[in-house]
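Engineer: Using this note's numbering, you'd call the opening residue of the sequence shown number 107 and step up by one each time. Ideal Cβ placement from N, Cα and C applies to all residues, glycine included. First, the structure itself, so that you have it in front of you.
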Amino acid sequence: MPYTIIDLQQGTPEWLAWRRQGIGASDAPTIMGENPWKSADDLLQEKCGGETFSPSAAMARGNALEPEARKRYEIKAGVSFTPACLQSVKQEWLRTSVDGMAANGSAVVEIKCGERVYRKVAATGDVPGYYYGQLQHILAVTHLQSIDFYCYLPGRPELHLQVARNERYIGRLLETEYLFWQKL
């Protein structure tokens with residue numbers, strides 16, 4: 107296995123501390139300059155200062171909908187998925203908290219339950235650019251060839267995209283993340 111499964115419950119103070127001690131998938135778009143809401147300098151200050159993160163109302167709603175969305179996705183996929191915290195064996199700073207992983211590690215899913223992302227995916231049929239780095243980071247940690255991107259909002263059609271591994275992007279991503287990590 108290219109990663110170790112870390113026994114942590116997502117959202118707990120222990121999980122937040124573990125996340126601060128490495129670079130996670132949600133950090134990737136920020137480090138790559140693809141996050142329109144946060145700069146790499148902001149992220150660096152968060153990591154160094156140990157600031158506590160407080161989710162917005164939209165993020166809290168998305169987190170609350172995630173278990174329901176995962177159940178719906180499992181029905182579609184025909185496989186059970188469990189949230190998991192993964193840490194690279196080669197680069198201990200390389201981490202990810204996946205929304206769902208198949209028991210045998212053969213598949214992962216990233217679930218989004220936000221109105222904005224849902225509208226964007228419905229309109230374009232593609233993953234928003236500000237999430238691409240997150241997905242490729244997960245693929246870098248897991249060494250899988252693809253990841254499912256699943257958008258769910260109650261009462262609306264479910265949106266399911268499969269995103270392929272992009273080796274060139276992952277190469278740039280890991281290099282940029284490593285340089286960022288050296289600043290900490």
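Nearest to E72 by alpha carbon, out of T136, T188, A228?
Structural biologist: Missing from the structure shown is residue 72; the chain here goes from 107 to 290 and no further.
Engineer: Compare the beta carbon distance of I217 and A175 with 7 Å and say whether it is the shorter of the two.
Structural biologist: Start at 1 with the first residue of the sequence shown, and residue 217 comes out as number 111. Start at 1 with the first residue of the sequence shown, and residue 175 comes out as number 69. In this structure, A175 lies closer than 7 Å to I217 by Cβ.
Engineer: Tell me the start and end of each unbroken alpha helix (DSSP H) in the region 242-274 that is at least 4 residues and wholly inside, in chain order.
Structural biologist: DSSP runs (the alpha helix (DSSP H)) wholly in the region 242-274: none.
Engineer: Evaluate the contact criterion for the region 203-213 versus the region 230-240: three or more CB pairs, one atom per stretch, below 8 Å.
Structural biologist: Counting Cβ pairs under 8 Å, fewer than three are found: no touch.
Engineer: Please list the terminal residues of the continuous alpha helix (DSSP H) segment that includes A165.
Structural biologist: What you label residue 165 is simply residue 59 of the sequence shown in a count that begins at 1. Looking at the sequence shown, residue 165 is not Ala but Met. Segment 163-183, the alpha helix (DSSP H) holding M165.
Engineer: Name the two residues that bound the continuous beta strand (DSSP E) containing T298.
Structural biologist: This structure does not reach residue 298, given that the chain is present from 107 up to 290, and the question cannot be answered.
Engineer: Taking 7 Å as the threshold (C-beta atoms), are S203 and C191 in contact?
Structural biologist: Residue 191 sits at position 85 when you count from the first residue of the sequence shown. Residue 203 sits at position 97 when you count from the first residue of the sequence shown. Their beta carbons are under 7 Å apart, which means C191 touches S203 by this criterion.
Engineer: Would you check if the distance between the CB atom of H249 and the CB atom of P108 is smaller than 7 Å?
Structural biologist: Counting from one through the sequence shown, the residue named residue 249 turns up at place 143. Counting from one through the sequence shown, the residue named residue 108 turns up at place 2. In this structure, P108 lies closer than 7 Å to H249 by Cβ.
Engineer: Do you know how far the Cα of E172 is from the Cα of R274?
Structural biologist: For the purposes of this step, residue 274 is taken as residue 168 along the sequence shown, with counting starting at 1. For the purposes of this step, residue 172 is taken as residue 66 along the sequence shown, with counting starting at 1. Taking the straight line joining both Cα atoms gives about 31 Å.
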